[in-house]
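To start, the structure itself, in structure tokens.
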Ligand code: AHR
């Protein structure tokens, strides 16, 4: 049975209460229940726009139907790319998009996806074996209609950086060199550059970010960390550059395994510490999938339902997702054992909740699930975690952009909707490029019964970033029953004015669908700024507070 939060709602504001103070701490006994204390003179680092990145794998409905509809489609499109998707994504400032996988990447021959479209081969998709018998042919047999050119075109329309994942399992290292050459060599210089120009892309793509394999401990080759480090070195040594500094990203752990990270970094260093300097990032994947309340570790049996859940499942998925913070800290520490000056940054290029099949709006879409308010809260929590570690996390990509897992968008033929997760990205875009500052969020813990044992969840979390004279605060209230009135205390500035936006719904299962596209949308929230700053954070909500500072 759920216990109500032991929560003290703030008393009425008192005259003479200081809004903010440059030096002395402020007493605020009237509202001891919840507060957000922002320490403006404690910067944490710049929030890279790249942590607001996306992941697009050639998996079921992600590319074909989700992104690519074709130039001759009745669905409005720009050069074959779904127009409504472009329009919506522009609102969230998508800094980076990763492609073509995922596991697909280590089965992909990039040459299949270039050149005249009528000559491109059809290939069995990596994910073919798990496609429904009535799934569209393009999901089972890759028509290669969408390849490197179309992906870069997609990124250009979004003003986003492309992040390509190279095939380390089933192509030789030379093909990696050649893909870089195709993308980045100047027109007229090489045969591949001429091929690119002939396709209408005279200007080089200047792709900077390259993943060197994906999940190389599993679908990307089943390597040991030592074997993978040797492959990684071979793939990344003397890759030709064409004026664009290449940023290589190694395939890191998938469940937080410390031995994968330690084994890789130690093997790299065995060849000399300079080997580490050739790396830009170390990927980290984390899916919150086990809602069994500790009963099993079985990948299929442990999953929960995306839309039919009780409040305990709500807290359990947040608990699983919240492991992100300890994973960031622990892998950072392990990397630091070898990479003592922390040259290599973390790249969390797959994250999100993963539920069992059954909730897809398009039932033939493999791994599609229907995001609810729970996933919006999960996503806000995760983005706040990244914001709090700007010196460690350089890139993050939500898995995945459309029609798969923690989708921001769902689409099928001419139908489209923005999910609650998509709305969270729109709200959080305001953090991009800001100076993260330390902020302490406190509220009483939430207590609940996990099977027959008492369990608890944190009561309030968030992050803060400064943009000249504007402070952006985001806060997650995970409690399913009680609202919070959180007093906001600023150390180092005064508040002139402010506003808030809230994403919530009366029902924790609320979601947007093709026929009910507005069930969960951000709305103006309640923010008191007269004598003290108090934000009203409804139960089960994500809130963004924007404060203009004096
Ligand atoms: O996102 C789906 C899959 O999850 C990816 O292909 C793989 O990298 C991960 O295991």
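Numbering (this note's numbering), first residue to last: 226 to 775. Don't be surprised by glycine CBs; every beta carbon is placed ideally from N, CA and C.
Using C-beta distances below 6 Å, list every residue in its chain close to residue i, excluding the 5 sequence neighbours before and after it, in chain order.
i, result
"residue 371", "288 and 293"
"residue 324", "281 and 376"
"residue 314", "383"
"residue 742", "642"
"residue 512", "579"
CB-CB under 8 Å to residue i, same chain, minus the five flanking residues each way: which ones, in chain order?
i, result
"residue 366", "347, 348, 349, 350 and 353"
"residue 229", "Its pLDDT being 33, under 50, residue 229 is placed unreliably by the model, and nothing is read from it."
"residue 418", "406, 407, 410, 411, 412 and 429"
"residue 420", "339, 340 and 407"
Do you know how far the Cα of residue j is from the Cα of residue i?
i, j, result
"residue 726", "residue 335", "43 Å"
"residue 331", "residue 400", "12 Å"
"residue 494", "residue 487", "11 Å"
"residue 248", "residue 754", "With a pLDDT of only 28 at residue 248, under the threshold of 50, the placement of this residue in the model should not be trusted; the figure read from the coordinates follows. So the two alpha carbons sit approximately 20 Å from each other."
"residue 556", "residue 499", "20 Å"
"residue 587", "residue 307", "17 Å"
"residue 457", "residue 687", "36 Å"
"residue 508", "residue 397", "21 Å"
"residue 448", "residue 435", "19 Å"
"residue 667", "residue 712", "10 Å"
"residue 364", "residue 624", "18 Å"
"residue 255", "residue 664", "With a pLDDT of 33 at residue 255, under the threshold of 50, the modelled position of that residue is not reliable, and the figure given next carries that caveat. Taking the straight line joining both Cα atoms gives about 21 Å."
"residue 404", "residue 582", "35 Å"
"residue 558", "residue 571", "11 Å"
"residue 523", "residue 531", "18 Å"
"residue 380", "residue 321", "8 Å"
"residue 772", "residue 267", "18 Å"
"residue 269", "residue 529", "36 Å"
"residue 441", "residue 490", "14 Å"
"residue 775", "residue 719", "5 Å"
Shortest alpha-carbon distance to residue i belongs to which of the options?
i, options, result
"residue 681", "577, 673 and 687", "673"
"residue 274", "677, 453 and 618", "618"
"residue 690", "769, 363, 398 and 396", "769"
"residue 549", "645, 514 and 665", "514"
"residue 574", "388, 761, 659 and 356", "388"
"residue 284", "720, 369 and 326", "326"
"residue 662", "701, 492 and 696", "696"
"residue 422", "762, 530 and 341", "341"
"residue 554", "536, 615, 606 and 528", "615"
"residue 603", "583, 591, 648 and 589", "648"
"residue 265", "543, 716 and 386", "716"
"residue 333", "391, 302, 301 and 356", "391"
"residue 360", "593, 729, 621 and 258", "593"
"residue 539", "368, 702, 297 and 337", "702"
One question on the structure: do residue i and residue j come within less than 7 Å of each other, judged by their Cβ atoms?
i, j, result
"residue 414", "residue 461", "no"
"residue 631", "residue 578", "yes"
"residue 601", "residue 646", "yes"
"residue 481", "residue 552", "yes"
"residue 762", "residue 723", "no"
"residue 501", "residue 564", "yes"
"residue 597", "residue 510", "no"
"residue 638", "residue 518", "no"
"residue 474", "residue 445", "no"
"residue 357", "residue 610", "no"
"residue 747", "residue 652", "yes"
Need the endpoints of the beta strand (DSSP E) that residue i sits in, please.
i, result
"residue 716", "709-716"
"residue 296", "Per DSSP, residue 296 belongs to no beta strand (DSSP E) and is neither H nor E."
"residue 696", "695-702"
"residue 768", "766-774"
"residue 660", "660-667"
"residue 434", "434-437"
Who are the near neighbours of residue i in its chain, counting only those whose CB is closer than 7 Å to its CB and skipping five residues on each side?
i, result
"residue 640", "739"
"residue 654", "277, 317 and 318"
"residue 443", "479"
"residue 465", "402, 405 and 406"
"residue 467", "409, 410, 411 and 429"
"residue 679", "672"
Need the endpoints of the alpha helix (DSSP H) that residue i sits in, please.
i, result
"residue 287", "Taken as a continuous stretch (DSSP letters only), residue 287 belongs to no alpha helix (DSSP H), as it is neither H nor E."
"residue 344", "Taken as a continuous stretch (DSSP letters only), residue 344 belongs to no alpha helix (DSSP H), as it is neither H nor E."
"residue 623", "Careful: residue 623 lies outside any alpha helix (DSSP H), inside the beta strand (DSSP E) at 618-624."
"residue 502", "499-502"
"residue 380", "373-383"
"residue 271", "It is not in any alpha helix (DSSP H) - residue 271 instead sits in the beta strand (DSSP E) that spans 260-271."
"residue 760", "Looking at the DSSP string, residue 760 is not in any alpha helix (DSSP H); the run it does join, the beta strand (DSSP E), is 758-762."
"residue 685", "No alpha helix (DSSP H) contains residue 685, which DSSP labels as neither H nor E."
"residue 613", "Run containing residue 613: none; DSSP gives neither H nor E here."
"residue 405", "398-409"
"residue 310", "308-316"
Closer than 6 Å: is that where the CB of residue i sits relative to any heavy atom of the ligand NAD?
i, result
"residue 422", "Of the ligands one can find in the structure shown, namely the ligand AHR, none is the ligand NAD."
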